[in-house]
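Working notes, beginning with the structure itself.
Residue numbers (our numbering): 52 to 105.
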């Protein structure tokens, strides 16, 4: 059971990292300040998930 948990954790962290990269890309690309703020808030949540802090 521990092996499955480890595999799922790695897959979960990979997905969170990919989504975080897309959020950073979108924040850099956008020109509206409100979109940048919303993206930064979402990025904080994903970085905390990536560090396994919930």
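Ideal Cβ placement from N, Cα and C applies to all residues, glycine included.
* What's the call for residue 62, buried or exposed, on a 16-neighbour Cβ count within 10 Å? -> Flag for residue 62 reads exposed.
* Asked: Below 7 Å between beta carbons: does that hold for residue 94 and residue 74?
  -> yes
* Asked: For residue 64, which three-state DSSP category applies?
  -> Here DSSP, grouped into helix, strand and coil, assigns residue 64 to helix.
* Between residue 76 and residue 57, what straight-line distance do the alpha-carbon atoms span, to the nearest angstrom? -> 29 Å
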